[in-house]
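Asks:
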Amino acid sequence: MKILFWRSLVVIFVILGFIGAVLPGMPTTVFLILAAWAASKGWPQMDAWLLNHPKYGPTLRDWRANGTVPRKAKWIASIMMFISSIIMLFTTAPLAVKIFTDVTMLIVAIWLWCRPEPVIGTEQQHVPSERE
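If you're matching positions, the sequence shown starts at 417 in my numbering and goes up one per residue.
1) Could you have a look at residue 460 and say whether DSSP puts it in helix, strand or coil?
2) Report the residue from 500, 528, 527 whose alpha carbon sits nearest the alpha carbon of residue 515.
3) Just reading off the alpha helix (DSSP H) that residue 477 is part of, what are its end residues?
4) Determine the DSSP secondary structure at residue 531, reduced to helix, strand or coil.
5) In the DSSP assignment, the alpha helix (DSSP H) including residue 442 goes from what residue to what residue?
6) Give the straight-line distance between the Cα atoms of residue 525 and residue 534, rounded to the nearest whole angstrom.
7) Run the CB neighbour count on residue 506, radius 10 Å, all protein chains shown included, and call it buried at 16 or more, exposed below.
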């Protein structure tokens with residue numbers, strides 16, 4: 417039953433990731449990171465496939481090894497969040513919802529830009545922190 421749960425999550429996240437690959441404004445990498453995480457819990461073959469994917473594999477491996485996010489992904493995510501926040505201001509949503517979503521996106525953007533970036537052209541090695 418546990419394996420079915422993890423595999424179901426993988427399928428859902430992969431589908432959302434592929435939708436994000438063709439639909440502007442919807443993320444791809446975030447869903448594939450979640451898919452790889454779920455696959456590591458109960459679907460080793462899918463985990464290996466995701467990590468070895470020619471386009472998304474390097475980003476997923478960098479995230480898993482060091483928690484890095486490419487600068488291009490940071491810019492795209494930040495621009496999309498900014499556009500979403502502007503659009504949100506013109507909706508009929510309650511003011512509290514507008515404020516909450518805009519503040520949430522700002523916090524996510526700050527967190528995102530605090531993430532390290534992968535070293536270009538070299539394999540980045542995991543350096544254990546003092547807590548490990």
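In this text, a Cβ means the ideal position worked out from N, Cα and C, and glycines have one as well.
Replies: In this structure, then:
1) If you number the sequence shown from 1, residue 460 lands on position 44. When DSSP states are grouped into helix, strand and coil, residue 460 belongs to the helix group.
2) If you number the sequence shown from 1, residue 515 lands on position 99. Here the closest residue by C-alpha is 500.
3) Counted from its first residue, the sequence shown places residue 477 at position 61. Unbroken alpha helix (DSSP H) run through residue 477: 473 to 482.
4) Position 115 of the sequence shown, counting from 1, holds the residue named residue 531. Under the three-state reduction of DSSP output, residue 531 falls in the coil class, being neither helix nor strand.
5) Taking the first residue of the sequence shown as position 1, residue 442 is located at position 26. Where residue 442 is concerned, there is no enclosing alpha helix (DSSP H), given that its DSSP letter is neither H nor E.
6) To locate residue 525, count along the sequence shown from 1; it is residue 109. To locate residue 534, count along the sequence shown from 1; it is residue 118. Approximately 18 angstroms, taken between the alpha carbons.
7) Along the sequence shown, one-based indexing puts residue 506 at 90. Per the 10 Å Cβ criterion, exposed.
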